[in-house]
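Okay, so here's the structure we're looking at.
Number of protein chains: 2
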Amino acid sequence: MTGAALDVALAYHRAWAGGDLDGALRYIADDIVCEAPPGLLSGADAYRAFLEPYVSQLVSATLIAAFGDDSTALVMYDSVTQLVAKAPGAECVRVEDGRIVHSWFIFDRAPFMAARAAMVGSGDAQGTAS
Amino acid sequence: MTGAALDVALAYHRAWAGGDLDGALRYIADDIVCEAPPGLLSGADAYRAFLEPYVSQLVSATLIAAFGDDSTALVMYDSVTQLVAKAPGAECVRVEDGRIVHSWFIFDRAPFMAARAAMVGSGDAQGTAS
């Protein structure tokens, strides 16, 4: 059941799940194309900018399932973040020469948007009160 | 690479992707527990109520990847709906006796919420104009 792509996907996953963003990005190709909820991300810099806010507020991540073969891997996990208590995600990655060249990245933005709106609302309330 | 759970997950997927909600629900256990973006769904009736609005406005669905073994399958797909033009999803299912007893269901609610809000906004504007 294991394969080269799955090994890479799991090594990438373990790195960011442990808070090691730089370690995770070592598995990301310079010219990665990622189809993510905010839209198409092109290149490792855009991918870093996308992943960094999430990893920086990550409390824990737990693998739900991971499968793959030599070229493609599919990983699902749950995570706890400072902003959102339950933030599962799924990634389908295509791997070439040990790095992820294409990714489908799925998660629900709704609770993150709600949490940010609540923070802004809370900020407004404080401003009004002071 | 195939297994009993993957066969069930793919049969379920093919049914709803073809617009056959009843056919898809034949693979759902009466006591399914589904961890979905809106929260925990318990039982086939709740699962139907969750899936029906999506399937009823589905234009097309395309499998991105599917893997599994005898007990667990992981499926990712993209879809086009009348409300949202790009609506990918991922499901991790546990299968017992040919039916899905547990599911992790991930998709991004944000574009659906935005599209519904735009429809309400459009309705308000019409109301104001008439």
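Protein sequences appear in the order of chains H and S.
Residue numbering for the first sequence follows the working numbering, starting at 1 and increasing by one per position.
Residue numbering for the second sequence follows the working numbering, starting at 1001 and increasing by one per position.
Virtual Cβ for every residue (Gly too), placed ideally from N, Cα, C.
Every value quoted in this text rests on a predicted model; they were computed, and no experiment measured them.
**Study point:** Min CB distance S:L1074 to chain H below 7 angstroms
**Key:** Within the second sequence, residue 1074 of chain S is the residue found at index 74, counting from 1. S:L1074 belongs to the set of residues whose beta carbon lies under 7 angstroms from a beta carbon in chain H.
Review point. Using a C-beta to C-beta distance shorter than 9 angstroms, which residues of chain S count as neighbours of H:W104?
Key: Here residue 104 of chain H corresponds to residue number 104 of the first sequence, with the count starting at 1. In chain order: I1064, A1065, M1076, D1078, P1088, A1090.
Check your understanding: Taking Cβ positions, are S:A1061 and S:M1076 nearer each other than 7 angstroms?
Key -> Locating residue 1061 of chain S in the second sequence gives position 61, where the first residue counts as 1. Locating residue 1076 of chain S in the second sequence gives position 76, where the first residue counts as 1. For S:A1061 and S:M1076, no; Cβs fall outside 7 angstroms.
**Study point:** Under 8 angstroms by beta carbon: chain H residues contacting S:M1113
**Key:** Position 113 of the second sequence, counted from the first residue, corresponds to residue 1113 of chain S. The contacting residues are A110.
Exercise for review: Check distances from the C-beta atoms of the stretch 5–35 of chain H to those of chain S and list, in chain order, the residues that come in under 7 angstroms.
Suggested key: Going along the stretch 5–35 of chain H in chain order, one finds no residue with a Cβ nearer than 7 angstroms to chain S.
Review point. DSSP state of H:D78, grouped into three classes?
Key: Along the first sequence, one-based indexing puts residue 78 of chain H at 78. Correct three-state label for H:D78: strand.
Check your understanding: Going by C-alpha distance, which of H:I100, H:W104, H:Q57, H:V101 is nearest H:A85?
Key -> Taking the first sequence and counting its residues from 1, one reaches residue 85 of chain H at position 85. That would be H:Q57, whose Cα lies nearest to the Cα of H:A85.
Practice item. Mind checking who S:F1050 pairs with in its DSSP beta bridge? Key: Taking the second sequence and counting its residues from 1, one reaches residue 1050 of chain S at position 50. Note: S:F1050 sits in no beta bridge, so no partner.
Point to revise | Residue-level contact to chain S via CB, H:T2, 7 angstroms cutoff | key: The residue you call residue 2 of chain H lines up with position 2 of the first sequence. For H:T2, the predicted model reports a pLDDT of 49, less than 50, meaning its position is unreliable; a value from the coordinates is still stated below. No, no contact with chain S.
Exercise for review: For chain H, find out if any of its Cβ atoms is closer than 7 angstroms to the Cβ of S:A1117; answer yes or no.
Suggested key: What you label residue 1117 of chain S is simply residue 117 of the second sequence in a count that begins at 1. Using a CB distance cut-off of 7 angstroms, S:A1117 does not count as an interface residue toward chain H.
Review point. For S:F1132, which residues in chain H fall below 8 angstroms Cβ to Cβ?
Key: Beyond the ends of chain S as shown, which are 1001 and 1130, falls residue 1132 of chain S; an answer cannot be given.
Practice item. Check the Cβ of S:G1068 against every Cβ in chain H and list those closer than 7 angstroms, keeping chain order. Key: The residue you call residue 1068 of chain S lines up with position 68 of the second sequence. By Cβ distance, chain H contributes F67.
Check your understanding: In chain S, which residues lie with their C-beta within 7 angstroms of the C-beta of H:P37?
Key -> Looking up residue 37 of chain H in the first sequence gives position 37. Those within 7 angstroms of H:P37 in chain S are D1108, A1110.
Exercise for review: Starting from H:L6, follow the alpha helix (DSSP H) in both directions and report where the run begins and ends.
Suggested key: Locating residue 6 of chain H in the first sequence gives position 6, counting from the first residue. Taken as a continuous stretch (DSSP letters only), the alpha helix (DSSP H) holding H:L6 covers 4–17.
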